[in-house]
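See structure below.
Number of protein chains: 2
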Amino acid sequence: MNERTGSEGTRLSSGKRTKMSVPRATATARLNNDWSVAKGARPQNPGVWRTATLTDNRRATNCAGASFHHHRPPRPRGTPPRPGSPRPLPARPALLPAGNMALCEAASSLYWPRVLLFGDSITQFSFQQGGWGASLADKLVRKCDVLNRGFSGYNTRWAKIILPRLIKKGTGLDSPVAVTIFFGANDSALKDENPKQHVPLDEYVANLKSMVCYLKSVDVPEHRIVLISPPPLCEAAWERECLAQGCKLNRRNLVVGEYAGACLQVARDCGTDVLDLWTLMQKDGQDFSSFLSDGLHLSPDGNEFLFSHLWPLIEKKVSSLPLLLPYWRDVAEAKPELSLLGDGDH
Amino acid sequence: MNERTGSEGTRLSSGKRTKMSVPRATATARLNNDWSVAKGARPQNPGVWRTATLTDNRRATNCAGASFHHHRPPRPRGTPPRPGSPRPLPARPALLPAGNMALCEAASSLYWPRVLLFGDSITQFSFQQGGWGASLADKLVRKCDVLNRGFSGYNTRWAKIILPRLIKKGTGLDSPVAVTIFFGANDSALKDENPKQHVPLDEYVANLKSMVCYLKSVDVPEHRIVLISPPPLCEAAWERECLAQGCKLNRRNLVVGEYAGACLQVARDCGTDVLDLWTLMQKDGQDFSSFLSDGLHLSPDGNEFLFSHLWPLIEKKVSSLPLLLPYWRDVAEAKPELSLLGDGDH
Numbered sequence: 001m002n003e004r005t006g007s008e009g010t011r012l013s014s015g016k017r018t019k020m021s022v023p024r025a026t027a028t029a030r031l032n033n034d035w036s037v038a039k040g041a042r043p044q045n046p047g048v049w050r051t052a053t054l055t056d057n058r059r060a061t062n063c064a065g066a067s068f069h070h071h072r073p074p075r076p077r078g079t080p081p082r083p084g085s086p087r088p089l090p091a092r093p094a095l096l097p098a099g100n101m102a103l104c105e106a107a108s109s110l111y112w113p114r115v116l117l118f119g120d121s122i123t124q125f126s127f128q129q130g131g132w133g134a135s136l137a138d139k140l141v142r143k144c145d146v147l148n149r150g151f152s153g154y155n156t157r158w159a160k161i162i163l164p165r166l167i168k169k170g171t172g173l174d175s176p177v178a179v180t181i182f183f184g185a186n187d188s189a190l191k192d193e194n195p196k197q198h199v200p201l202d203e204y205v206a207n208l209k210s211m212v213c214y215l216k217s218v219d220v221p222e223h224r225i226v227l228i229s230p231p232p233l234c235e236a237a238w239e240r241e242c243l244a245q246g247c248k249l250n251r252r253n254l255v256v257g258e259y260a261g262a263c264l265q266v267a268r269d270c271g272t273d274v275l276d277l278w279t280l281m282q283k284d285g286q287d288f289s290s291f292l293s294d295g296l297h298l299s300p301d302g303n304e305f306l307f308s309h310l311w312p313l314i315e316k317k318v319s320s321l322p323l324l325l326p327y328w329r330d331v332a333e334a335k336p337e338l339s340l341l342g343d344g345d346h
Numbered sequence: 001m002n003e004r005t006g007s008e009g010t011r012l013s014s015g016k017r018t019k020m021s022v023p024r025a026t027a028t029a030r031l032n033n034d035w036s037v038a039k040g041a042r043p044q045n046p047g048v049w050r051t052a053t054l055t056d057n058r059r060a061t062n063c064a065g066a067s068f069h070h071h072r073p074p075r076p077r078g079t080p081p082r083p084g085s086p087r088p089l090p091a092r093p094a095l096l097p098a099g100n101m102a103l104c105e106a107a108s109s110l111y112w113p114r115v116l117l118f119g120d121s122i123t124q125f126s127f128q129q130g131g132w133g134a135s136l137a138d139k140l141v142r143k144c145d146v147l148n149r150g151f152s153g154y155n156t157r158w159a160k161i162i163l164p165r166l167i168k169k170g171t172g173l174d175s176p177v178a179v180t181i182f183f184g185a186n187d188s189a190l191k192d193e194n195p196k197q198h199v200p201l202d203e204y205v206a207n208l209k210s211m212v213c214y215l216k217s218v219d220v221p222e223h224r225i226v227l228i229s230p231p232p233l234c235e236a237a238w239e240r241e242c243l244a245q246g247c248k249l250n251r252r253n254l255v256v257g258e259y260a261g262a263c264l265q266v267a268r269d270c271g272t273d274v275l276d277l278w279t280l281m282q283k284d285g286q287d288f289s290s291f292l293s294d295g296l297h298l299s300p301d302g303n304e305f306l307f308s309h310l311w312p313l314i315e316k317k318v319s320s321l322p323l324l325l326p327y328w329r330d331v332a333e334a335k336p337e338l339s340l341l342g343d344g345d346h
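Listed in order, the protein sequences are those of chains X and Y.
End of the first sequence = 346 in the UniProt record's numbering, gap-free, step of one.
End of the second sequence = 346 in the UniProt record's numbering, gap-free, step of one.
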C-alpha cells in the first residue's frame, strides 16, 4: 500500500472539492484559487523547526514536503517565544516511560493562540450556519482559537466598559494575535427613535479610539487590530421589521454611512487595519440587499462577503503561526511520543 | 416608541424564523420545538443573581422576564465560585471615574467557561459549513467557548500522549465544563492495509480509559465527559476514495462497529455519557450513506444528525451557566457601568 494515500486524512491534502468543503471554500477561492488552504499541509518534522505560513501551506499541498522544512533559526536571548510556542519544555529523558502520568509529567503545555471577535449582534451571530466567525475558526484550525465576544444590542459606550473584563494584560505570549472591533450598527440608531442604543458620532469616535488605546496598553498593538464598520442598512427591509414590532424606522442608511466613515478615520488615525463594510457592500452602486437578512443583520451571502474581505487582513496577522502538533503522517510510528511531546517549540 | 421593540437585538428574542437562523435551528427544532433557544433570553438584571439555564432561556423567550430573576442564593464560605463566575470583584467605588483606565482597574476579569472537542478529523472539520462544532459554538454563545482540538489522522495511541499538553490541572474554575472524546475512525483501520493508524481493539479500550482517567485527575469528572463512537463506514464510497489514491479499501464497517461497541462499553465502565453514532446512524436499517461525504467523514446531514444527538448531552452539562454580561435591554442607561462591571458574580 502506498503509505501516503488512501487513509483518513488524505482527503485533507488531496485538494479535492468534496461535498462538505465546497461551500466554505467558495468564500476564499476568489482570493487564492486553492481548495485546500490550511488543510492537510505538512507541518514540521519532529526535531526540525519550521516557521509555517499559510503561503507555505498552499505550496505544501501541491509539492513534496521536504522543501518546507527549514532548520530552526536561533532566537536571540531575551526575545519572547514565537506565537504559538508552548511554555518551554523541561529537560526530558531520552526514553519516556509508557505510563500516562509519566507522559503527563514530561509533556509541556501547548499554548493555543487566540483571535478575538469583539462586536455586537453581527459578531454574536457569526457562528450561525455560514457565519464569518465559524469560517475564520475553520480556516485557522490547528493554528489558533477564534473566540466569539459578540454582544447583541451593545454599542461602543458599553463595549468600552466591558473590554477590560475580556482582555487583561498578560504575559505577552497569551495576548490575542488578532482582535476585530465591529461596532456601529447600534451606535448609529436614530437618537429620537432609539435613545437607549444611540451614541453620538463624536462619542463613537472617542470610544473606538479609547478601545484601541486600551488594547495597546495590554500588549495588543495596533497592527493586530482590525476595525470593521457597520454594513449598509436596507431601510425598506428594516422598516418592515420595525413596523412589525409596532414602531417607526429607527435607523437610516446615510447616518450609518457617517459612522462607517468615522470608523475608517479612526483606523487611519490609530494605524489599525480597517474593513469599511458599508462602502464595500455598496461599491459601484451594487444592490446590497442580498447581503442582509432583515435589512440590518448579515445573510449567508453577507457573511461570505465579510469573510472574503476579512480573511486577507487576518491572514497577515497569523501567517507566522505554525500548525499545532505534527501532521499525522509525520508522527514517528515506533515512538510517537518523540513526535508528539515536542522539541521545545512544538 | 415601544422601547422593547424594533431595535437591533429584537430579532433575537422575537422567535421568528429568519433566513439566517433557519438552517441551524432545523438541527435542534426536533428536540425542543423552539426556534429561538439561547438567543435573546433575558439574563439577570444588574444586581440580581440569576442562575440562568437553557430551559429558563426557552421560557424567557415566550414569557415576561420578571419571573426568571431570582434573588442570589447565599454561597457557603469556602465553596468555589459557580462556573462562569468572574474572579471576585474588588471593592468598587460607588461612583466610577469616566476614564478608561479607571474603568479597567475597577473591572474584574470575566471568566469564559470552555467546552473542549477532542478527536480526529471529524472533530477537526467540525467548524466547516454546517459543522457540529460550529453549531455547538453558536448554541453556547455568551455562555462558553467551544474549542476545536481535532487532529486529523490521529488515533487514541497518539491522542493519549497529547491530551496532557491540551488540558492541565488548573484551579478548578478553569477546567472545561464538558469534553467530547471522539476517536475510533482511525484506530479501526485494517492493520494490514493501514498499519500506521491502526490500533488494536484492546489498546483502543485501554487508551480511552486512560484518557478518561487522566481527565478525572485534572478535575474533569466523568459526568462532564461524552465519548463519541466512530460513525458507520460506507464501504462503497470509501473504496472509491482509496482506489482513486491507488490503494485498496483500508477499513470495514463491521470492524468499525466493534470499536463503536468497545467505546460504548468503556463509557459504561467509566460512568461517562456516550453517543454511539455507529448504531444510531444505522438504526432500523436506515440508509446512512447520506450522513457521510466520502464514506468516512460527515456530510452536512451527518453533522446535523450528530449535533441533534449531542446537544441534549451537552445541554445537561452547561445548564447552570449564566449568560455572560447583561442582556442589552437590562443595561442601565444612565450609568451603564453599574450593569456592566458586575455585582461580584456577573
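Every residue gets a Cβ at the ideal spot worked out from N, C-alpha and C, and that includes glycine.
{"Item": "Proximity below 8 Å, CB of Y:Leu227 to CB of Y:Leu215", "Value": "no"}
{"Item": "Residues near Y:Glu235 by beta carbon distance below 6 Å, same chain, minus five either side", "Value": "Asn253"}
{"Item": "Cβ-Cβ distance between X:Phe291 and X:Ser135 below 8 Å", "Value": "no"}
{"Item": "Selection from Y:Leu147, Y:Ala178, Y:Met211, Y:Lys196 that minimises the alpha carbon distance to X:Tyr327", "Value": "Y:Lys196"}
{"Item": "Meets three-Cβ-pair contact criterion under 8 Å: the region 256-275 of chain Y and the region 132-149 of chain Y", "Value": "no"}
{"Item": "Within chain X, partners of Y:Leu227 - CB distance below 9 Å", "Value": "By Cβ distance, chain X contributes nothing, its closest Cβ being about 17 Å from Y:Leu227, past 9 Å."}
{"Item": "Secondary structure of Y:Val256, DSSP reduced to three states", "Value": "helix"}
{"Item": "Residues of the region 164-197 of chain X with Cβ closer than 7 Å to any Cβ of chain Y, in chain order", "Value": "Pro164, Arg165, Leu166, Lys168, Ala185, Asn186, Ala189, Glu193, Asn194, Lys196, Gln197"}
{"Item": "Alpha-carbon to alpha-carbon, X:Arg329 and X:Arg58", "Value": "In this prediction, X:Arg58 has a pLDDT of 29, which is less than 50 and means its spatial position is unreliable; what the coordinates show is noted afterwards. The alpha-carbon atoms of X:Arg58 and X:Arg329 are separated by roughly 17 Å."}
{"Item": "Stretch-stretch touch, CB-based, cutoff 8 Å, three pairs: the region 314-324 of chain X with the region 263-270 of chain X", "Value": "no"}
{"Item": "Cα-Cα separation, X:Arg75 to X:Ser339", "Value": "Any answer about X:Arg75 is weak, because its pLDDT of 40 lies below 50 and its placement is not dependable; what the coordinates show is given next. The straight-line gap from Cα to Cα measures roughly 22 Å."}
{"Item": "Chain X within 8 Å of Y:Phe127, Cβ atoms only", "Value": "yes"}
{"Item": "X:Leu163 classed as buried or exposed, judged by whether at least 16 other C-beta atoms fall within 10 angstroms", "Value": "buried"}
{"Item": "Stretch pair the region 304-318 of chain X + the region 246-261 of chain X: three plus CB contacts closer than 8 Å", "Value": "no"}
{"Item": "Span of the alpha helix (DSSP H) around residue 364 of chain Y", "Value": "The structure shown does not extend to residue 364 of chain Y, since chain Y is modelled only from 1 through 346, so no value can be given for it."}
{"Item": "Chain X within 8 Å of Y:Ala332, Cβ atoms only", "Value": "no"}
{"Item": "Cβ-Cβ separation, Y:Cys242 to Y:Gly184 (assumed contact under 8 Å), whole Å", "Value": "Going by Cβ atoms, the distance from Y:Gly184 to Y:Cys242 rounds to 19 Å, so no, they are not a contact pair."}
{"Item": "Chain X contact residues for Y:Glu337, given Cβ-Cβ distances below 8 Å", "Value": "Ile161"}
{"Item": "Cβ pair count under 8 Å reaching 3, the region 169-188 of chain X against the region 112-127 of chain X", "Value": "yes"}
{"Item": "Interface flag, X:Asn148 vs chain Y, CB-CB below 8 Å", "Value": "yes"}
{"Item": "Short CB-CB distance (under 8 Å) between Y:Phe291 and chain X", "Value": "no"}
{"Item": "Proximity winner among Y:Lys139, Y:Arg114, Y:Arg149, Y:Ile161, relative to X:Ala332 (alpha-carbon distances)", "Value": "Y:Ile161"}
{"Item": "Residue-level contact to chain Y via CB, X:Gly153, 8 Å cutoff", "Value": "yes"}
{"Item": "Supposed close pair Y:Gly170, Y:Asp219 - CB separation, criterion 8 Å", "Value": "7 Å"}
{"Item": "Selection from X:Lys335, X:Ser175, X:Lys317, X:Leu341 that minimises the alpha carbon distance to X:Leu140", "Value": "X:Lys317"}
{"Item": "DSSP state of Y:Gly150 mapped onto helix, strand, coil", "Value": "strand"}
{"Item": "Where the alpha helix (DSSP H) through X:Leu306 begins and ends", "Value": "300-318"}
{"Item": "Residues near X:Gly302 in its chain [Cβ-Cβ closer than 7 Å; skip 5 each side]", "Value": "Pro231, Phe291, Leu292"}
{"Item": "Cutoff 8 Å: Y:Val205 Cβ touching any chain X Cβ", "Value": "no"}
{"Item": "is_contact[Y:Ser320, chain X] using C-beta, thresh 8 Å", "Value": "no"}
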